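>
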Amino acid sequence: MGLVACAQQGPSYQQPSPYPPARQADAPQLQPAPSLAARPVQSGGPTGTFVGAKVLQLRGDLNTMQRGLSAHGQQLRQGQAATVINAERYHQLVAAINARLQVGTTRGNPILTSQLAEAQGQLARIDADVARLGDLAARVSTDSALAGYLLESVRAAYNLSGAVDEDHRQLAILEDEVNRTVVLIDRLLSEINTDVTRQTAYVGRERQNITTLSLAVKNGESYGGNLGVSALAAPAAAPQRQFSGAAPTRSGRPLVVIRFDRATVEYEQPLYRAISEALSRRPSASFEIEAAAPATAASPISARRQAERVTRTLIEMGVPRNRLALSERIAPDARSDEVRIYVR
15 MGLVACAQQG
25 PSYQQPSPYP
35 PARQADAPQL
45 QPAPSLAARP
55 VQSGGPTGTF
65 VGAKVLQLRG
75 DLNTMQRGLS
85 AHGQQLRQGQ
95 AATVINAERY
105 HQLVAAINAR
115 LQVGTTRGNP
125 ILTSQLAEAQ
135 GQLARIDADV
145 ARLGDLAARV
155 STDSALAGYL
165 LESVRAAYNL
175 SGAVDEDHRQ
185 LAILEDEVNR
195 TVVLIDRLLS
205 EINTDVTRQT
215 AYVGRERQNI
225 TTLSLAVKNG
235 ESYGGNLGVS
245 ALAAPAAAPQ
255 RQFSGAAPTR
265 SGRPLVVIRF
275 DRATVEYEQP
285 LYRAISEALS
295 RRPSASFEIE
305 AAAPATAASP
315 ISARRQAERV
325 TRTLIEMGVP
335 RNRLALSERI
345 APDARSDEVR
355 IYVR
């Protein structure tokens with residue numbers, strides 16, 4: 015056997031049920047949200063005063079702002095609908111790939127490779143949707159600043175001379191309507207920002223998962239989710255990368271021993287399971303990858319290259335780089351190049 019796992023391995027990953035196929039007809043009907051719909055601005059008759067003319071100007075500015083608010087609300091709904099369609103298609107593709115991997119397939123299956131490329135394209139579309147929402151948030155922030163300026167202008171108009179009672183009555187109505195519009199703008203901006211934060215985190219996780227899925231397609235076997243997704247948000251202290259030729263002081267058995275005693279050693283699946291279980295028990299764990307060369311080896315370079323290869327595999331599986339350390343030593347008990355992985 016080329017690989018020995020020295021820890022009990024957990025059950026293999028099971029992909030959740032796929033979403034139903036996404037079709038254009040499945041897009042939700044786009045209706046302006048009642049919570050974002052501004053009431054029409056109440057009109058008032060001209061009074062013939064300077065203040066009355068100012069009220070008409072401010073009322074026109076408010077009407078323009080409310081039309082922009084309605085358009086921005088519609089753009090938000092359109093963006094959310096597009097994200098739903100793209101996310102459904104993405105999960106459909108990922109589920110199809112995982113289902114094929116689960117029953118077994120060839121290395122680098124061209125069908126799965128094509129589906130993987132399409133899934134990456136769908137994820138890029140979701141990322142573009144998020145970017146458009148970010149641009150929308152910037153425009154709504156500008157509206158928020160203008161609404162604040164408009165409210166100040168309405169309040170300042172009370173102090174203008176030459177007004178009649180009707181002018182002040184219309185100013186009071188206009189002030190109430192501007193205040194309601196400010197609330198609606200703040201509500202819309204809050205919804206957009208919440209959506210951007212949620213979708214940004216989602217895209218980040220799925221980019222990690224698609225990296226691990228790409229490795230699974232390349233090797234033709236199912237792994238599971240990206241190992242970095244389940245790790246703690248606060249990373250472990252960064253181990254020092256070292257190739258000093260001497261093993262650091264440690265205790266305990268290695269989690270995994272990979273013996274490179276033949277030309278091809280398929281170690282990825284057992285390695286994934288062992289690391290996954292270690293992280294499930296201790297999410298903040300870091301790992302030392304030791305290149306163990308036999309005493310008969312003329313040079314430890316071969317074992318070192320295998321250790322670097324295993325490190326790259328772990329990174330593709332999602333283990334954060336700062337959780338990995340490299341070391342090497344001559345191991346009298348090794349009969350071939352070995353890579354030994356310890357939990358730190």
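Quick note on the numbering used here: the sequence shown kicks off at 15 and runs consecutively. All C-beta atoms, glycine included, are put in the ideal place defined by N, C-alpha and C. All figures in this text were calculated on a predicted structure; none of them were measured in a lab.
1) Which partner residues does residue 373 have in the DSSP bridge list?
2) Return the chain-ordered list of same chain residues with a C-beta closer than 8 Å to the C-beta of residue 86, the five sequence neighbours on each side being excluded.
3) Hey, could you find the ends of the alpha helix (DSSP H) residue 102 is sitting in?
4) Using the Cα positions of residue 105 and residue 119, report the straight-line distance between them to the nearest angstrom.
5) Considering only their Cβ atoms, is the gap separating residue 291 from residue 341 smaller than 8 Å?
6) Short of 6 Å in beta carbon distance, which residues of its chain neighbour residue 89, apart from the five on each side in sequence? Order them along the chain.
7) With a 10 Å radius around its C-beta and 16 neighbouring C-beta atoms as the bar for buried, classify residue 314 as buried or exposed.
8) Taking 6 Å as the limit between beta carbons, can you name the residues of its chain near residue 354, skipping five residues before and five after?
9) Rounded to whole angstroms, what is the Cα-Cα separation between residue 196 and residue 210?
10) From 62, 97, 115, pick the residue whose C-alpha is nearest to that of residue 283; which is it?
11) Drop a sphere of 10 angstroms on the beta-carbon of residue 174, count the other beta-carbons inside from all chains shown, and report buried for 16 or more, exposed for fewer.
12) So, is residue 263 buried or exposed, given that buried needs 16 or more other C-beta atoms within 10 angstroms?
13) For residue 352, which beta-bridge partners are listed by DSSP?
14) Taking the alpha helix (DSSP H) that residue 211 falls in, what are its first and last residues?
15) What whole-angstrom Cβ distance do residue 213 and residue 117 have, given they're in contact under 8 Å?
16) From residue 328 to residue 206, what does the alpha carbon distance come to, in whole angstroms?
17) Alpha carbon to alpha carbon, how far is residue 218 from residue 266? Give it in angstroms, no decimals.
18) Taking 8 Å as the threshold (C-beta atoms), are residue 346 and residue 317 in contact?
19) Beta carbon of residue 121, beta carbon of residue 238: below 8 Å?
20) DSSP three-state call for residue 5: helix, strand or coil?
21) Let's test the definition: count the other Cβ atoms within 10 Å of the Cβ of residue 178 and tell me whether it reaches 16, buried, or not, exposed.
22) Strictly by DSSP, which residues pair up with residue 339?
Considering the structure as presented:
1) Nothing in the structure corresponds to residue 373, since the chain is present only between 15 and 358.
2) Indexing the sequence shown from 1 puts residue 86 at position 72. The answer, listed in chain order, is 150, 153, 154, 157, 202.
3) As a position in the sequence shown, residue 102 is number 88, starting the count at 1. Looking at the DSSP string, the run of the alpha helix (DSSP H) that includes residue 102 is 64 to 117.
4) Walking along the sequence shown from the start, residue 105 turns up at place 91. Walking along the sequence shown from the start, residue 119 turns up at place 105. Looking at the two C-alpha atoms, the distance is approximately 20 Å.
5) Within the sequence shown, numbered from 1, the residue matching residue 341 stands at position 327. Within the sequence shown, numbered from 1, the residue matching residue 291 stands at position 277. Not closer than 8 Å, so no.
6) Numbered from 1 along the sequence shown, position 75 holds the residue referred to as residue 89. 150, listed in sequence order.
7) Counted from its first residue, the sequence shown places residue 314 at position 300. Under this definition residue 314 is a buried residue.
8) One-based indexing of the sequence shown puts residue 354 at position 340. Cβ within range, chain order: 268, 271, 304, 306.
9) For the purposes of this step, residue 196 is identified with residue 182 of the sequence shown, where counting begins at 1. For the purposes of this step, residue 210 is identified with residue 196 of the sequence shown, where counting begins at 1. Distance between the alpha carbons of residue 196 and residue 210 is about 21 Å.
10) For this step, residue 283 is matched to residue 269 along the sequence shown. Of the candidates 62, 97, 115, the one whose C-alpha sits nearest the C-alpha of residue 283 is 115.
11) Along the sequence shown, read from residue 1 onward, the residue named residue 174 stands at position 160. By the neighbour-count rule (16 or more Cβ atoms within 10 Å), residue 174 is not buried but exposed.
12) Stepping through the sequence shown from its first residue, residue 263 is reached at position 249. Residue confidence for residue 263 is low, a pLDDT of 43 falling below 50, so the modelled location carries little weight; the figure read from the coordinates is stated next. Burial call: exposed.
13) Within the sequence shown, residue 352 is the residue found at index 338, counting from 1. Paired residue(s): 273, 306.
14) Numbered from 1 along the sequence shown, position 197 holds the residue referred to as residue 211. Counting along the chain, the alpha helix (DSSP H) containing residue 211 begins and ends at 179 to 233.
15) Translated into positions along the sequence shown, residue 213 becomes position 199. Translated into positions along the sequence shown, residue 117 becomes position 103. Rounded, the Cβ-Cβ distance is 32 Å, inconsistent with contact.
16) On the sequence shown, position 314 is the one that residue 328 refers to. On the sequence shown, position 192 is the one that residue 206 refers to. Using only the alpha carbons, I get a separation of about 36 Å.
17) The residue labelled residue 266 in the question sits at position 252 within the sequence shown. The residue labelled residue 218 in the question sits at position 204 within the sequence shown. Rounded to whole angstroms, residue 266 to residue 218 spans 35 Å at the Cα level.
18) Position 303 of the sequence shown, counting from 1, holds the residue named residue 317. Position 332 of the sequence shown, counting from 1, holds the residue named residue 346. No; because the gap between Cβ atoms is not below 8 Å, this pair is not in contact.
19) For the purposes of this step, residue 121 is taken as the residue at position 107 of the sequence shown. For the purposes of this step, residue 238 is taken as the residue at position 224 of the sequence shown. The answer is no: Cβ separation not under 8 Å.
20) Only positions 15 to 358 of the chain appear in this structure, which leaves residue 5 out of reach.
21) Looking up residue 178 in the sequence shown gives position 164. When all chains shown are included, residue 178 counts as exposed.
22) Residue 339 sits at position 325 when you count from the first residue of the sequence shown. Residue 339 is bridged to 302.
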